[in-house]
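Note sheet for the following structure.
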Amino acid sequence: MNIGIDKISFHVPNYYLDMTDLAHARETDPNKFHIGLGQDQMAIIPETQDIVTLGASAAAKILTDEDKKDIDMVIVGTESSTDFSKSASVIIHGLLDIQPFARSFEIKHACYGGTAALQQANDYVTLHPDRKVLVITADIAKYGLSTGGEPTQGCGAVAMLITSNPHLLSFNNDSVFYSEDVYDFWRPAGHDYPLVDGHMSNQVYIDSFTRIWEQNKKVNQTDSTDYAALTFHLPYTKMGRKALRAIFPEMTETEQQRLEARYDEAVVYSRQVGNLYTGSLYLGLMSLLDNGDLAAGDRIGLFSYGSGAVSEFFSMTLMDDYKNYLTIEGNQVLLAGRQQLSIEEYEVMFNKKMPTDGETHTFSDPTNYAINKISGDIRYYNK
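Numbering-wise (my numbering), the sequence shown opens with residue 28 and increments by one.
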């Protein structure tokens, strides 16, 4: 029996900033962003939207009434939660009218939380093959204006429905994982933005991948030729490329070119959106499926990394007729239909925050699931 991703979708806000405009405003060569980081655009979120609105919007695109009756768990992987106690998943569960006899909770470990959620869903459906699990990865990456991390910001959500007999991809249950206690990226209580050691984080990312890759070869008796493509967590798209090239010495030149071509297909969407933290790997997976020319039965390797640091490498296999269940046109329309912001508009939007005075404030945002009111520090959403 196969268990895997039956449906997948993503959502980003209706605003973006062009990286050339950001480079000019920060008196930097645009090539540092477009080539050095591999980023062309950056998704920008208004104050009336958060991980709840992003996650609900992504999931609403794929769920039928029948799905909502069959879902036993709603799991949100995030490091951008708006509450230290109540989970975003229980709010999303209510907004989507999923049947009430379900578990709803969040999972946190930096950018790895989405993969932890996905693997928990795999375990549950394996034991309960007639039931389904909704996994949502939703995050808002913010580092502050005119900071070193500013060009690697972004936001969005990816929703995945995990079922038996999936239409898209099945798990191969070959996960290899690695943990190391390091402080490359962290956000203590009371800090609006993360604390980052960028050089260390880049090195830990690459070291984690090479270690886990070697362990994977040993445990699963595989090498690069066993994979139609390798996908990576993408804090910025150049990062995954550096990790991929770290294992190039063991490959032929033809093999290097093949995997790099697949990599280029996997970063098309991320170049236009930026960093989704927990969702970056899975946005890359969607980009690969939409922009690549893979075949049923192809094996895709996925490398998940969360600073601090936890990483995992696993693979999935494409199902028969998977192309019939892709949403390529909708994804392209979503990205093409966004509004470009000027630097001034971006900075104003960036600096707006939800009130924390406990008073009642109302907002006007026609977007599905947007925040329409905050009162007593409770957020109320369009439904």
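All C-beta atoms, glycine included, are put in the ideal place defined by N, C-alpha and C.
DSSP places ALA270 inside the alpha helix (DSSP H), whose first and last residues are 264–273. 8 Å or more divides the Cβ of ILE119 from the Cβ of GLY63. Cβ neighbours of SER84 within its own chain (closer than 8 Å, five residues either side excluded): HIS38, ALA184, THR394, ASN395, TYR396.
By the criterion of a C-beta distance shorter than 8 Å, GLN366 is surrounded in its chain by ASN41, TYR42, TYR43, once the five residues flanking it on both sides are discounted.
Using a C-beta cut-off of 8 Å, the segment 333–341 makes contact with the segment 201–209, since at least three inter-stretch Cβ pairs fall below that distance. The beta carbon of ASP348 lies closer than 8 Å to those of HIS194, ALA323 in the same chain, with the five residues before and after it left out. Residue pairing by DSSP puts LEU345 in a beta bridge opposite LEU196.
In this structure, the CA atom of PRO73 is about 11 Å from the CA atom of GLU374. Along the segment 253–334, the alpha helix (DSSP H) occurs as fully enclosed runs of 4 or more residues at 264–273, 280–293, 295–300, 307–318, listed in sequence order. Looking at the DSSP output, GLU133 shares a beta bridge with VAL103. A residue is called buried once 16 or more other Cβ atoms fall within 10 Å of its Cβ, and THR281, having fewer, is exposed.
If you compare the alpha carbons of GLY267, GLN283, MET69 with that of PHE330, the shortest gap goes to GLY267. In the displayed model, GLN366 falls within a strand according to three-state DSSP. Measuring C-alpha to C-alpha distances from LYS265 to each of LEU361, TYR232, THR252 identifies TYR232 as the nearest. MET346 sits close to LEU196, with the two beta carbons spaced by under 8 Å.
From the listed residues TYR220, SER36, VAL101, the smallest Cα separation to LEU122 is found for VAL101. Pairing ARG289 with GLY311 gives a Cβ-Cβ distance that is not under 8 Å. Positions of the beta strand (DSSP E) runs, each at least 3 residues long and wholly inside the segment 113–171, are given as 130–134, 159–168 in order along the chain.
Counted as a single uninterrupted DSSP element, the stretch harbouring ASP92 is not any beta strand (DSSP E) but the alpha helix (DSSP H) occupying residues 92–97. When the Cα atoms are used, LEU257 and MET313 turn out to be separated by approximately 13 Å.
Distance from the CA of SER116 to the CA of THR55, rounded to the nearest whole angstrom, comes to 40 Å.
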